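Read the structure below first, then the notes.
2 protein chains.
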Amino acid sequence: MAPKEKPADTASTHVAEALAEAIHEHRIAPGTKLNEDEVGEVYGVSRTVVRAALQQLAHMRLVELKRNRGAFVAKPTVKEAREVFEARAMLEPTMTRYAAERMTIEDIAILQAHIDAEHAALRAGETGRALQLSGQFHIEVARIANQVTIAEFISQLVARSSLIIALYWQRRAALCESHAHHALIKALAAKDGPLAEELMKNHLLDLLTSLDLREQTSAPQSLSEALKQ
Amino acid sequence: MAPKEKPADTASTHVAEALAEAIHEHRIAPGTKLNEDEVGEVYGVSRTVVRAALQQLAHMRLVELKRNRGAFVAKPTVKEAREVFEARAMLEPTMTRYAAERMTIEDIAILQAHIDAEHAALRAGETGRALQLSGQFHIEVARIANQVTIAEFISQLVARSSLIIALYWQRRAALCESHAHHALIKALAAKDGPLAEELMKNHLLDLLTSLDLREQTSAPQSLSEALKQ
DNA sequence: GTGGACGTGATTGTATACGATTCTGGATCA
DNA sequence: TGATCCAGAATCGTATACAATCACGTCCAC
């Protein structure tokens, strides 16, 4: 049924996906060191495949590789955070319009299932999982737009957004997201491209303004890190 | 001066850059198999670092990794080609406007140097090198816009464009590019954002229309590949 | 008590080795 | 003659081994 087809090696990709999900669900904090031996032992693979997995994640900017130092879960700076949301603002609204024009019954069901799962996760108190599903919603929209190239970019941006939210989120219930997604799904189902585009634009703006992106935030970090900037 | 700083491992990145440049300059044709042992022998490194390099290139979609089959220089399909240029159209004009607003004397000099080098390469008959420099021009503009996240996306798109050009280019002198870049540099130097944006938009459209993107083009490929689609 | 030098342990970078999978070429048989 | 099938070779995926680098704690001089 789904024994994988074209994708690269299964072992390293599997580890990479597992780590990515853990990061996405905020089970691993930004800045955490990812020891190769440890990760390898957790997933029962050798350092060779762990290194490949970490490289994949580094390409998505989910982890940062420091030579002879190891891999660390990325800690996006304020500038990076702004850039990520600027990029999303440049891509996602248009993708949403495209998606509205191509929407099928199955697509609507898929998106609805995402929202339902997100609600269920929220009720179960699994905020991390809810966040992960919330991001999946955006990726799914890009996929429906049938633009895999841009969908991949958005996929990376969504993943990085998760890190940004972990670092710069300032209170406010995560519920608002669901409402925005609910409105979006209605516009998409109605094939109202312009409305969907506008809703996505506002949704991203809401997300951005819900962050505290003043310089020097939350964690004071280590002195050495603060100085070397 | 330039002993590398943050970047990851030097060995694999070095190999990856060398291969990328060769691909960019059309010294390696799309579809070419990249044998790990061969590549390793060429650069005097082991398969370990070659594999890492190939993975990097795979992330940029410059090579395609097929499990148990090896790495091949990517052969973008017509759909992928359209997607790449659509993505560029969504990102680069805006980046060009930003660049115009932030332009400094040094930036102008850098861009002019790129154009000069491109002309020199063209006169020397090194069309591959000229193409590589032509792409660098676009990447440099994104860098000047001070948006590294989007600049990285554009960097990947430019690299893929090189493959697309190798596959779908339909005659016409490469000179036209230089003219477009020359007009662009003037608008950028004048800090005329809207004009620069418009020029970039048209430049990308010109590029796109200079391709022959009808289905089933140029190379008939192997029978098996044609059938399994 | 403070500051620096040095050695040890830990961790990463690279190479090599081995098992698994795929491709190639020729022999066999209808 | 043509297709099928089966070895052998080639190539990839993963594990392990060794070398290089870095972090950290101890010791010593001042």
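Chains U and H, in that order, are what the protein sequence lines are.
Residue 73 in this note's numbering sits at position 73 of the first sequence; the count goes up by one each step and never skips.
Numbering-wise, this note's numbering comes out as the position in the second sequence, counting from 1, plus 1000.
For every residue, glycine included, the Cβ atom is placed at its ideal position computed from N, Cα and C.
It should be emphasised that the depicted structure is a prediction, and the values quoted were computed from it without experimental measurement.
The three-state reading of DSSP puts K33 (chain U) in strand, counting E and B together. The DSSP assignment places complete alpha helix (DSSP H) segments of no fewer than 4 residues inside the segment 1074-1125 of chain H at 1078-1102, 1105-1123, in order along the chain.
Listed as beta-bridge partners of G1128 (chain H) by DSSP are no residues whatsoever. With three or more CB-CB distances shorter than 8 Å, the segment 1159-1170 of chain H counts as touching the segment 1065-1085 of chain H.
Taking one beta carbon from each stretch, the segment 1063-1077 of chain H and the segment 1107-1125 of chain H have fewer than 3 pairs nearer than 8 Å; the two do not touch.
Listed along the chain, the chain U residues whose CB falls inside 7 Å of the CB of T1094 (chain H) are M90. Selection U:L208, U:I154, U:S155, U:A130 evaluated against I164 (chain U) yields U:L208 as nearest (Cα-Cα). Bridge pairing for K1066 (chain H): H:G1070 [DSSP]. With contacts defined by Cβ atoms closer than 8 Å, G135 (chain U) and H26 (chain U) do not form a contacting pair. Burial state of T149 (chain U) is buried, judged by a 10 Å Cβ sphere holding 16 or more other Cβ atoms. Contact annotation: in the segment 1071-1091 of chain H, residues whose CB is within less than 8 Å of a CB in chain U are E1080, E1083, V1084, E1086, A1087, M1090, L1091. With 16 or more neighbouring CB atoms inside 10 Å of its own CB, L54 (chain U) falls in the buried class.
Contact of V1148 (chain H) with chain U is assigned, a C-beta pair being separated by under 8 Å.
Under the 8 Å criterion on CB atoms, R67 (chain U) is classed as interfacial with respect to chain H.
Along the segment 1035-1060 of chain H, the beta strand (DSSP E) does not occur as any fully enclosed run of 3 or more residues.
Sorting U:G193, U:H138, U:I23 by C-alpha distance to the C-alpha of E92 (chain U) places U:H138 at the top. Closer than 9 Å at the C-beta level to chain U, one finds these residues of the segment 1046-1065 of chain H: T1048, R1051, A1052, Q1055, Q1056, A1058, H1059, M1060, R1061, E1064, L1065.
Identification of chain H residues near D9 (chain U) by a Cβ-Cβ cut-off of 7 Å yields R1067, ordered along the chain. Buried is the label assigned to H1181 (chain H), since at least 16 other Cβ atoms lie within 10 Å of its Cβ.
Annotated three-state conformation of L1211 (chain H) is strand, per DSSP. Counting the other Cβ atoms within 10 Å of the Cβ of S1046 (chain H) gives fewer than 16, which makes it exposed. Between R1097 (chain H) and E1197 (chain H), the gap from beta carbon to beta carbon is short of 8 Å. One thing to note: Q170 (chain U) has its Cβ no nearer than 8 Å to the Cβ of D206 (chain U). Against chain H, a Cβ distance below 8 Å from F153 (chain U) picks out A1087, F1153. The beta carbon of Q156 (chain U) lies closer than 6 Å to those of M60 in the same chain, with the five residues before and after it left out.
By the CB criterion at 8 Å, A1183 (chain H) and L1199 (chain H) fall inside the cutoff.
Annotated as distal: T1010 (chain H) and V1073 (chain H), with beta-carbon spacing of 8 Å or more. Closest option to A1100 (chain H), judged by alpha-carbon separation, among H:L1167, H:A1145, H:Q1056: H:A1145.
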